[in-house]
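> Let me give you the structure first, and then I'll get to my questions.
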Amino acid sequence: MTDQISKEIMIKFYKILETIHIVKNNISMLVKNNEIEKIKYISYGEEAIAVGICSALEESDIIINTYDGISNLIARGGNLNSIFAEIFGKSDGYNNGARGYFNISAPELGVYSANSFSDTGVAMGLGFALSSKLRKENKVIAAFYNNETANEGIIHESMNIASAFDLPILFVCKNSKNIKGPLPEEFLEAKEFSMRALGYEIHGTTINGMDIASVYNSAKKIVKNIREHNRPAILECITNNYYEDLSSSGLNAINKNIFDEVEFNDNSIIKNFSKILLDKSILTQKEMKNVKHEVSYLIKKAIEFSKSSVDPKPESLTKFMYADEYLNIPKQGWLS
Amino acid sequence: MREIRYLQAVAEALNNEMKINEDVIVMGEDVRESLRGVTKGLYNIFGKDRVIDFPISEQGMIGCGIGSAISGLRPVIEFQINEFTFFAFEQLILQSQRLRFYSGGKIKIPVTYIVPGSGARGGISGQHSDNPYSFLIHGGMKVVIPSCACDAKGLLVSAIRDNDPVAVFLPTRVLAEKGEVPEEQYTIPLGKAEIKKTGSDITVVATGHCVNIAIDIARKLEAEEGISVEVFDPRTLLPFDKETLEKSISKTGKVVIIDDSPISCGFSNEVAALIGEEYFSKIKAPVKIIARADVPVPFSEPLEEYVLPNSEKLEKAIYMLMGRTNA
Amino acid sequence: MRELSCIQAAYEGLEKEISRDQNVYLIKKENIFNKKFFEVLNNDILKNDKVISTPKSEATIISSATGLALIGLRPVVELNQIEDIFLAFSALIDQAAKLRYISGGKLMFPITYLCVENNVYNDNDGQHSDNPYSFLIHGGMKVVIPSCACDAKGLLVSAIRDNDPVAVFLPTRVLAEKGEVPEEQYTIPLGKAEIKKTGSDITVVATGHCVNIAIDIARKLEAEEGISVEVFDPRTLLPFDKETLEKSISKTGKVVIIDDSPISCGFASMVSSILMEEYYEYLKRPVRRITREDIPIPFSKSLKKYVLPNSEKLENAIRSII
Amino acid sequence: MHKDLNKKKCLEIFKQLYLTRRYSETVVDLGDKGYIRGPLHPGLGMEAVCVGVLNAIDNNDFIGLSHRGQAAYAVRNVKIGILLAEQFGKKDGCNHGKGGTMHFNLFNEKRLFEVDSEVAGKVPIFTGVALGCKLRGLKQISVVFYGDGGMSEGWVHESMNLAKTFNLPIIFVVENNRYAVTTKVEYACSVKNLTDRAKAYGFEGIEVDGMDVEKIYTVTKESVLKVRNGSGPINIIANTYRFCGHFTAEKILNLHYRSQEEVEEWEKRDPILTWPQKLIEEGICKREEIESVKEMVEKEIIEAVEFAKSSELPTPEDALRGMYATEYPGIPRKGWF
């Protein structure tokens, strides 16, 4: 499979993978050092999906994030300065400090997120697809969701509408074998979520989401298909997700670390991919090291930039809230 | 000026707006055939690309509206039944209302939600008779509830042209009422109340179809008892025009609120609290609230009458505040 | 007496209730906390076969709890993300809250919704940061929001024994707060407020974690300036204990309401309107509302403080009317 | 004819079909005359589905009805009078005038539940009922009816998944009358074969002719056996048709979503006509016996209307009773009056 991918793209993949990983490690450090607002957890293990899918899309295509929006954003070429400024809650951030880490979005890059951990943004994808179809823009929308939210009614409604209206959407299911108590399979007679495609007469595939080449190649093929035929499809990517717990409130205030101390630092995706790169002598150990240094440097710069960025002004609250402002809204209580 | 029905005014506003602006599209359940009459005939004029029937999937439909609004369309979404807003509540409040905020003000979501036939229609019982606007106000969404044909046209046009989600409630009980409506397309700004009748003794804050109740009572009491009642119609519930209310209260010092949504945490409570907080010194008597009791609307007529606000209750409240013994 | 945290107290009450009444079941979603959640609480409720784990399908889970109640069970549904209430709004407002009435008072739906970790202090950016109880009140559902460990246990047990749907909100800020909790099972009746601190100059109506804010400010003002503040904790938002409030207000004549849900059409507005309508003659000054603004919770720390109620705002409000 | 359907049962089924039809027609008539407020959603033409299914299950199995499931009351011997009284808004109605059309409550007495009128709202509720039966070790199964329109609703999907997850004893019956109000099933539903929906969750879906009582009866009998044995849920898709509009107000709305020919084509398969014809052709009973059943039904209807008319209206203050089972002073709040 990997043979089909050119050397340049492989190197690009490697660089993005390292960037995502190091960015997440840095954020985790910042939380632990109390340098930024608390973030509940950081998840690892979805990087290959982000890189594979985002690279298979055209620039004009649209991505709907899950909570792990940061991977998609970086894979899409997001600016590290804007990303870190957002995580510092500063006005130079992608969302001017309103959004933070989870569900970060960048409308200018076509990366959107819903305000949700239940992946209800998938329904929003319908609208992007519909308007692309009506205006003949020939965009493809990649809407991400997780295995745990795959049983939400809104996902079903979206798939039914997408199929009934012939909308160009790729539903990307990140099926993590590792997370959230019992495996989702216990809840599912149909062992794979791609089987759900049967209920909507659409195409469904299951692939290994830890293997970046397989994600990229499958996505390329399916996206091409979607663009040509204006039919939705489901791409299920099997992964191993790990969470690093960073929260300090609620239950965790009683007893730290509700999560198992799993190998959240497990970077098997990168390890495997590096091995392939070495085996095929696309990159040498030294070159890899250089890439890491380069990325780390950029991130260091971005953190410095973010620290010096200004806090958003209180007036911006109203501006964020309504595009057309009126007197008396948003209503504020009595202030002396 | 010509007189047309409220519903015709709404349909006309929508039709014109679709002609003026190609981005305006209509989504909803059965909007081609149009059970409620708001979208009647639009399908034949604008075709399937701009008048889109949806399966009964409210969440998916609203989601689709949000996405298309972000990408530049201006969807007008009809809820066939007022309770369908509950199905899509997550999409309405957490997504459509908040996504702009969480994008840091980068995106605009110009969606208009139309809820035709809101409120009790008589004999349709507890699950189809709600006026769910207080929920949306609490969620921060702009809410409009026109009380006459002229307002309906102008406010709907403003709502469609507004760049945020706006929910427009069309109360069942006024849909068939006639009124003078200009032929050309015009707007009435959101957030501007109207004094539907001037008076000096007491202010009645009335919404939706209760405005007509209030006007009738005001005329009657003026003629029969010499009580001069001012009828204040906020028209937009959020943003609420408190400046005009202040003027009215400074004059009268007494307020009755009549509103057809459940009392607890409803719009009527919000107005009363606002008065208690900001215009306390101008008030000379307790604020009286005539609202729906906190129960679903019962089916049987005498029960329904007991639960809903009506002119009799309003009249009593006014007598009471005016210190008349015939209360 | 031994001390427990608020969440431990609540789950202790729940566990005992499950063992006591064969019809009580706990319905909970599978989630990230599952394995260690109860270990942390030192609670072996999971060993009980009356705990049902379900996939993430909120609307159906909450609606099917209505079905469980229909055939005589008394389900307790744990909602661990506050979004659940929005996703299942129809099932809550249009079904659970209404069906008994529509059936002509013949059916009974003894369901408890236990909403844990429900606000901004849980490190989730702005998400899961709502306090959506005002929606439920407007829908006619009974709502309980304990402010300390002792109340949490007693009120939860009452809610489970109540024959109607009751939503119990455990605010994140008080989950870890410790307090004295009796070992035996006890109930605190719904619809009874508690004066958490007596005073004579001004009444502060406070809910959830705002009760603690109010008590702190009350102590401070009393010690430093001799302003005597009465702290009124309604504990049950619906039914609301008007009588106790009347007593307090007839003494003080001045009210500030502090509540952590959006201001428009929120709980604070409801209390204020009751005062303006029914106890107007006692009021000497305007009724001040200190609440969350009608704005979602921003991530940025510098913005958050403008949106949320806090002790500084409360203090200013008290001073403005004293 | 199915072996369980003897002469007595066949005539009973006819009575149920005919009573339902006459009841629906009477209600529409009374509505036109102004006795009944609000819109009506009769299931004219769809009686066979409900009658077929309910005859194939036990009397104490739990039923969640759709808003066109009036036939269920006939099958379970509910006095039509208390339904009419409810629709008249009277005290003697099955919900004491609080529910009205679409919300009849006979759950405690007859295990029939129609109280909720949300689109497919009974599907998740009855998933809960089935779960409750399993938890409590009850032998009863649950049957829930909904329409082709409801199939697009999110919680139907969630319920089907949940039912399979827990292997619940529940039968999902789709009364596919081809139109969700005015929207064609082919337009709104992304699968040609509606049984594929169940297959996507790993359980069986069966399609059946919804105008033929015997076929429905046979399919349900077989399904019930499997469901009772604990093999998990089953989805039955019954293809049927409504002869009337979505609701009574439709006739003034001037809608064109389906052709007159299509309606007439389906009307030829009207179970009220085809069922007795089949009985006579197969020599199960005589025409006179059919006629005497009809007379009986007419009498029953007249009595029911009389009962409903003579019942009293509730007192207005009743409006605030029955909201809460555990009552407290001050609720429900009612505002100043």
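Chains as they are written, first to last, in my numbering: chain A, 61 to 396; chain B, 9 to 335; chain C, 3 to 324; chain D, 840 to 1176.
Backbone N, C-alpha and C define an ideal beta-carbon position, used for all residues, glycine too.
(1) Kindly give me the distance between the Cβ atoms of B/Phe177 and B/Gly216, rounded to whole angstroms, as I take these residues to be in contact under 8 Å.
(2) Which bits of chain C does D/Cys972 rub up against, with CB to CB less than 8 Å?
(3) Do you know how far the Cα of C/Ile54 is from the Cα of C/Ile29?
(4) Compile a chain-ordered list of the residues in the region 245-269 of chain C whose CB is closer than 7 Å to at least one CB of chain B.
(5) With distance defined between alpha-carbon atoms, name the residue in D/Cys889, D/Ala1147, D/Phe1005 and D/Gly1161 nearest to D/Ile852.
(6) Tell me which same chain residues have a C-beta within less than 8 Å of the C-beta of B/Thr260, skipping the five on either side of it?
(7) If you count every other CB in all the chains shown that lies within 10 Å of the CB of B/Ala160, and 16 or more means buried, which is it?
(8) When the Cα of A/Ser176 is compared with those of B/Gln105, B/Ile132 and B/Gly125, which residue comes out closest?
(9) Would you call A/Glu246 buried or exposed, if buried means 16 or more other Cβ atoms sit within 10 Å of its Cβ?
(10) My parser needs the beta strand (DSSP E) runs of 3 or more residues fully inside the region 28-102 of chain B; what are they?
(11) If I measure Cβ to Cβ from C/Asn50 and keep anything under 7 Å in the same chain, skipping five residues before and after, which residues do I get?
(12) Starting from A/Arg256, find everything on chain D with Cβ-Cβ shorter than 7 Å and list it in chain order.
(13) Between the C-alpha atoms of A/Ala250 and C/Cys267, what's the straight-line distance to the nearest angstrom?
(14) Whose C-beta lies closer than 6 Å to the C-beta of A/Gly241 among residues of the same chain, with five residues either side of it excluded?
(15) Less than 7 Å between the C-beta atoms of B/Val84 and B/Val18, yes or no?
(16) Checking 7 Å against the spacing of the C-beta atoms, do C/Val325 and C/Tyr115 come in under that value?
(17) My guess is that A/Ile164 and A/Glu146 are in contact by the Cβ rule of under 8 Å, so how many angstroms apart are they, rounded?
(18) Does A/Ser369 come out as helix, strand or coil in the three-state DSSP assignment?
(19) With 16 other CB atoms within 10 Å as the buried threshold, where does D/Asn916 fall?
(20) Less than 7 Å between C-beta atoms, sequence neighbours within five positions excluded: which residues of the same chain meet that for A/Arg279?
(21) Measuring only the C-alpha atoms, how far is B/Ala293 from C/Tyr284?
(22) Is A/Lys360 near the ligand MG - that is, is its Cβ less than 6 Å away from at least one heavy atom of it?
(23) Determine, for D/Ser991, whether the minimum Cβ-Cβ distance to residues of chain B falls below 7 Å.
(24) Pick from B/Gly125, B/Val219 and B/Lys200: whose alpha carbon is nearest that of B/Ala184?
(25) Using a C-beta cutoff of 7 Å, does C/Ala98 count as contacting chain D?
(26) Considering only residues of the region 87-144 of chain A, which uninterrupted alpha helix (DSSP H) runs meet the minimum length of 4 residues and lie entirely inside it, listed in chain order?
(27) Check A/His263 in the structure and name its three-state DSSP category.
(28) Return the chain-ordered list of same chain residues with a C-beta closer than 7 Å to the C-beta of C/Val273, the five sequence neighbours on each side being excluded.
(29) Since B/Glu309 and D/Arg1126 are thought to touch, with beta carbons under 8 Å apart, how far apart are those beta carbons, to the nearest angstrom?
(30) Can you give the Cα-Cα distance for A/Ser223 and D/Cys1028, rounded to whole angstroms?
(31) Using the C-alpha atoms, what's the distance from B/Glu41 back to A/Arg195?
(32) Round the Cβ separation of A/Lys100 and A/Asp371 to the nearest angstrom and send it over; I've been treating them as touching at under 8 Å.
(33) Using a threshold of 7 Å, state whether the C-beta atoms of D/Val1058 and D/Ile980 are closer than that.
(34) For a contact meaning CB atoms closer than 7 Å, what does A/Tyr386 contact in chain B?
(35) DSSP on C/Phe234, reduced to helix/strand/coil?
(36) Comparing the C-beta of D/Glu1145 with each C-beta of chain A, is any distance below 7 Å?
Per the coordinate set shown:
(1) 7 Å
(2) Ile73
(3) 5 Å
(4) Pro264, Ser266, Cys267, Gly268 and Phe269
(5) D/Cys889
(6) Gly207, Ser208, Asp209, Ile210, Thr211 and Glu238
(7) buried
(8) B/Gln105
(9) Caution applies to A/Glu246, whose pLDDT of 47 falls short of 50 and renders its modelled position unreliable; the model cannot decide the point.
(10) 32-36, 59-61 and 82-86
(11) Ile20
(12) Ala1039
(13) Annotation note: pLDDT 42 at A/Ala250 (below 50); position unreliable, coordinate value reported separately. Between A/Ala250 and C/Cys267, the C-alpha separation is close to 45 Å.
(14) Caution applies to A/Gly241, whose pLDDT of 39 falls short of 50 and renders its modelled position unreliable; the model cannot decide the point.
(15) no
(16) There is no way to answer for residue 325 of chain C, as the model of chain C reaches only from 3 to 324.
(17) 6 Å
(18) coil
(19) exposed
(20) Residue identity differs from the one stated: residue 279 of chain A is Ala in this sequence, not Arg. So the qualifying residues of the chain are Gly112, Ile113, Ala116 and Leu295.
(21) 12 Å
(22) Absent from the structure shown: the ligand MG. Ligands present: none.
(23) yes
(24) B/Gly125
(25) no
(26) 107-116 and 129-135
(27) strand
(28) Val207 and Ile259
(29) Actually they are not in contact, since the Cβ atoms of B/Glu309 and D/Arg1126 sit about 44 Å apart, beyond 8 Å.
(30) 8 Å
(31) 25 Å
(32) With a Cβ gap of about 22 Å, A/Lys100 and A/Asp371 do not count as contacting.
(33) no
(34) Leu198, Gly199 and Pro247
(35) strand
(36) no
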